[in-house]
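What follows is a short report on a single structure.
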Amino acid sequence: MIPSGADLDEPHEIYRETTGGSRAVVAISVGETASVMNLILLIAYGMSCANFTPDLDVIGEALRWLDKYGIQIPDSHSPTGIWPLVIQYAQRQPIRAYALAASHSMEDICVEISPLTLSTSLHNISESDALTMGPIFLRRLFFLHLGRRSACKQVFEKPPAQHAETASCTLANQIEVTRVWELKMADVVLHPSQENFPVEELRRMFSGIVEGRACSACIEAIRARVEKACAEWLAVKQTI
Numbered sequence: 077m078i079p080s081g082a083d084l085d086e087p088h089e090i091y092r093e094t095t096g097g098s099r100a101v102v103a104i105s106v107g108e109t110a111s112v113m114n115l116i117l118l119i120a121y122g123m124s125c126a127n128f129t130p131d132l133d134v135i136g137e138a139l140r141w142l143d144k145y146g147i148q149i150p151d152s153h154s155p156t157g158i159w160p161l162v163i164q165y166a167q168r169q170p171i172r173a174y175a176l177a178a179s180h181s182m183e184d185i186c187v188e189i190s191p192l193t194l195s196t197s198l199h200n201i202s203e204s205d206a207l208t209m210g211p212i213f214l215r216r217l218f219f220l221h222l223g224r225r226s227a228c229k230q231v232f233e234k235p236p237a238q239h240a241e242t243a244s245c246t247l248a249n250q251i252e253v254t255r256v257w258e259l260k261m262a263d264v265v266l267h268p269s270q271e272n273f274p275v276e277e278l279r280r281m282f283s284g285i286v287e288g289r290a291c292s293a294c295i296e297a298i299r300a301r302v303e304k305a306c307a308e309w310l311a312v313k314q315t316i
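Okay, here's the thing in structure tokens:
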């Protein structure tokens, strides 16, 4: 029997009447699903959840209800392995995984996941995920993406250095190099995932400017500028 008026979302005892008229508890009913409750119990007892591989929805629900049972959120080194599992899911669902970690202020997990979010444009962040991660971690994520977009433009904005005119390479020839560089730069600016622009693709794009050039000084200047820009791009921070 379930007690009359019991809130089915709250834990309560299920009992049966004994022959003597007393009640014997046979089970405790809870509002969570079996998958969520299983994960809550694993966390409560510090046991690994690796063999059960709960999905992100189950993990999120379990973490959300821990406080209800007086259980602390496990830290990143917990033997439950819950956060390494979230990081695994981040390979496919980086924004959702980041939002989940952010909702529990898991700084180190958010930092580790944040580079993976660069593969997703900011306009693809749902209202639900934005609310889940909260204003502080949402702001930091925006700063990461927008900062890298700005850095990409700054790193490749400057064209190759010019050299003294020669009989075979006039100022007009070198201005042409600058013009082609600026056209390539326009392609970078228009790239939909500028914050996650692969360095090899950038190297290939700008190195192509040497094709058809006969001036060794121009070729050397272009290659040197490309390598310097690529090195600077690799050095731009990729985490929040």
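Residue numbers (the numbering used here): 77 to 316.
Here a beta-carbon is modelled for each residue, glycine too, at the ideal position from N, C-alpha and C.
Please read these numbers as outputs of a predicted model, since none were measured by experiment.
Contact belief for residue i with residue j at Cβ below 8 Å, rounded distance in angstroms
{"i": "residue 125", "j": "residue 161", "result": "7 Å"}
{"i": "residue 232", "j": "residue 192", "result": "That pair is no contact at about 24 Å."}
{"i": "residue 316", "j": "residue 217", "result": "6 Å"}
{"i": "residue 158", "j": "residue 150", "result": "5 Å"}
{"i": "residue 147", "j": "residue 110", "result": "About 18 Å; that fails the 8 Å criterion."}
{"i": "residue 312", "j": "residue 227", "result": "5 Å"}
{"i": "residue 210", "j": "residue 156", "result": "So it is not a contact: roughly 23 Å between Cβ atoms."}
Cβ-based burial, residue i [other Cβ within 10 Å; buried from 16]
{"i": "residue 212", "result": "exposed"}
{"i": "residue 305", "result": "buried"}
{"i": "residue 129", "result": "exposed"}
{"i": "residue 253", "result": "buried"}
{"i": "residue 242", "result": "exposed"}
{"i": "residue 81", "result": "A caution first: residue 81 carries a pLDDT of 47, below 50, which makes its placement in the model unreliable, though a value can still be read off. Looking at its Cβ environment, which holds fewer than 16 other Cβ atoms inside 10 Å, residue 81 is exposed."}
{"i": "residue 116", "result": "buried"}
{"i": "residue 207", "result": "exposed"}
{"i": "residue 246", "result": "exposed"}
{"i": "residue 285", "result": "buried"}
{"i": "residue 224", "result": "buried"}
{"i": "residue 287", "result": "exposed"}
{"i": "residue 188", "result": "buried"}
{"i": "residue 262", "result": "exposed"}
{"i": "residue 276", "result": "exposed"}
{"i": "residue 251", "result": "exposed"}
{"i": "residue 214", "result": "buried"}
{"i": "residue 139", "result": "buried"}
Residue range of the alpha helix (DSSP H) that includes residue i
{"i": "residue 208", "result": "203-233"}
{"i": "residue 254", "result": "247-266"}
{"i": "residue 169", "result": "That residue, residue 169, is in no alpha helix (DSSP H); it is neither H nor E in DSSP."}
{"i": "residue 282", "result": "275-283"}
{"i": "residue 300", "result": "292-311"}
{"i": "residue 136", "result": "132-141"}
{"i": "residue 125", "result": "Careful: residue 125 lies outside any alpha helix (DSSP H) and carries neither H nor E."}
{"i": "residue 187", "result": "183-189"}
8 Å Cβ cutoff met for residue i and residue j
{"i": "residue 239", "j": "residue 290", "result": "no"}
{"i": "residue 190", "j": "residue 220", "result": "yes"}
{"i": "residue 131", "j": "residue 152", "result": "no"}
{"i": "residue 205", "j": "residue 177", "result": "no"}
{"i": "residue 229", "j": "residue 264", "result": "yes"}
{"i": "residue 236", "j": "residue 258", "result": "no"}
{"i": "residue 194", "j": "residue 314", "result": "yes"}
Contact with chain B by residue i, beta-carbon distance below 8 Å
{"i": "residue 179", "result": "The structure shown contains no chain B, having only a single protein chain."}
Proximity test, residue i beta-carbon vs the ligand MN heavy atom, cut-off 7 Å
{"i": "residue 293", "result": "As for the ligand MN, it is missing from this structure, which has no ligand bound."}
- Message: I'd like to know if the segment 296-307 and the segment 170-180 are in contact, where contact means that at least 3 CB-CB pairs between them fall below 8 Å.
- Response: No: fewer than three Cβ pairs fall under 8 Å.
- Message: Is it the case that the segment 256-275 contacts the segment 199-214, given that we only count it when at least three CB pairs across the two stretches are under 8 Å?
- Response: The segment 199-214 is not in contact with the segment 256-275.
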